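**Q**
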Amino acid sequence: MRVMPRHLLVSSLLALIFVLPASADQLEEAHACVQKADRLDRLACFDRVFGTPLLAHSTVAIPRSNQPERWRQAFAQASQGDTAIYRDTGQAAGLLVTVPALGVKPPRPLLVLQCQNNITELSVMLPRALDAERVRVVIGNQGATSWRVRGGGFVVSGGRGLPAIRTAKAMLAEPDVRVNAQRSELDGLVFDLTGFGETIRPVRSACGW
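Those letters in the sequence shown? Residues -24 to -1, 1 to 185, by mature numbering (1 follows the signal peptide of the UniProt record, and there is no 0).
1. Bridge partners of E150, per DSSP?
2. Which partner residues of N156 appear in the DSSP bridge assignment?
3. Is P85 buried or exposed, if buried means 16 or more other CB atoms sit within 10 Å of its CB?
4. If you run the structure through DSSP and keep just helix, strand and coil, what is G164?
5. What residues in its chain sit with their C-beta under 7 Å from that of Q158, if we drop five residues either side in the sequence?
6. Does DSSP put R84 in a helix, a strand or coil?
7. Compute the distance between the beta-carbons of residue 187 and Q43, then report whether it is under 9 Å.
8. By how many angstroms is the C-alpha of F130 removed from the C-alpha of P103?
9. Counting only the same chain and skipping the five closest in sequence on each side, list residues whose C-beta sits under 6 Å from that of V114.
10. Can you have a look at I141 and say buried or exposed, based on whether 16 or more other CB atoms are within 10 angstroms of its CB?
11. Check the C-beta distance from P151 over to T170 and give it rounded, since I have them as a contact under 8 Å.
12. Could you work out which residue in D168, S99, S181 is closest to V153 when comparing CA atoms only?
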């Protein structure tokens, strides 16, 4: 599923203006919201005008379960943006770089590069647990490999150490990366790699590659 184009999003918001009960002042303010260039600014503006989110595209709470700490740290830094984010979580999960999947409703799966205790790991973290032990995965232009499901099903690991480093390096020259897998939870996920190479510099430095 692709992200809704701006003109379609604006049309949807305009339609909502006329179906929701509103005062003249609210309608005027809502029309002003449509003029905002940034999508998130528009949504926030509508929230302020009507006092409730019009679209379920804002923060979505994930029920607490048996997610591992690194999963919690990764999703804590996930944002509405589509590109890579770096954070030093200290002892909690080490250094994390997260990239959210494109065109997916929140909470979105995350491509995660982690350096903890001098060990690099590349994984896809899912908002819901995957009931499997291993999954056959093709990422980008690389061959199919068996990814291990860890962390109670929430973390699908593409490997630690050299395998993770090789995969991460192979992605540096790509504008985005697509995941093909045997499971629908992973198959077809696309991650925007804009700025990925620069963002992962602290991870590379800390893990020595």
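Backbone N, C-alpha and C define an ideal beta-carbon position, used for all residues, glycine too. Remember, predicted model here, so these are calculated numbers, not experimental data.
**A** The answer reads as follows:
1. As a first step, residue 150 must be located in the sequence shown, where it is residue number 174. Note: E150 sits in no beta bridge, so no partner.
2. In the sequence shown, counting from the first residue as 1, residue 156 sits at position 180. In the DSSP output, where bridge partners are listed per residue, N156 has V114.
3. Counting from 1 along the sequence shown, the entry for residue 85 is found at position 109. Buried, by the Cβ-count rule.
4. Along the sequence shown, read from residue 1 onward, the residue named residue 164 stands at position 188. In this structure, G164 counts as coil in the three-state DSSP scheme.
5. As a position in the sequence shown, residue 158 is number 182, starting the count at 1. Excluding residues within five positions, the ones whose Cβ falls inside 7 Å are V111, R112.
6. Walking along the sequence shown from the start, residue 84 turns up at place 108. Looking at R84 - three-state DSSP - the assignment turns out to be coil, as it is neither helix nor strand.
7. Residue 187 cannot be examined here, being either before or after the span of the chain that is shown, -24 to 185.
8. Counted from its first residue, the sequence shown places residue 103 at position 127. Counted from its first residue, the sequence shown places residue 130 at position 154. So the two alpha carbons sit approximately 7 Å from each other.
9. Start at 1 with the first residue of the sequence shown, and residue 114 comes out as number 138. Closer than 6 Å at Cβ, skipping near neighbours: A120, N156.
10. Looking up residue 141 in the sequence shown gives position 165. Flag for I141 reads buried.
11. Residue numbering aside, residue 151 sits at position 175 when the sequence shown is read from its first letter. Residue numbering aside, residue 170 sits at position 194 when the sequence shown is read from its first letter. Correct: roughly 7 Å between the Cβ atoms.
12. Looking up residue 153 in the sequence shown gives position 177. Residue D168 is the option with its Cα nearest to V153.
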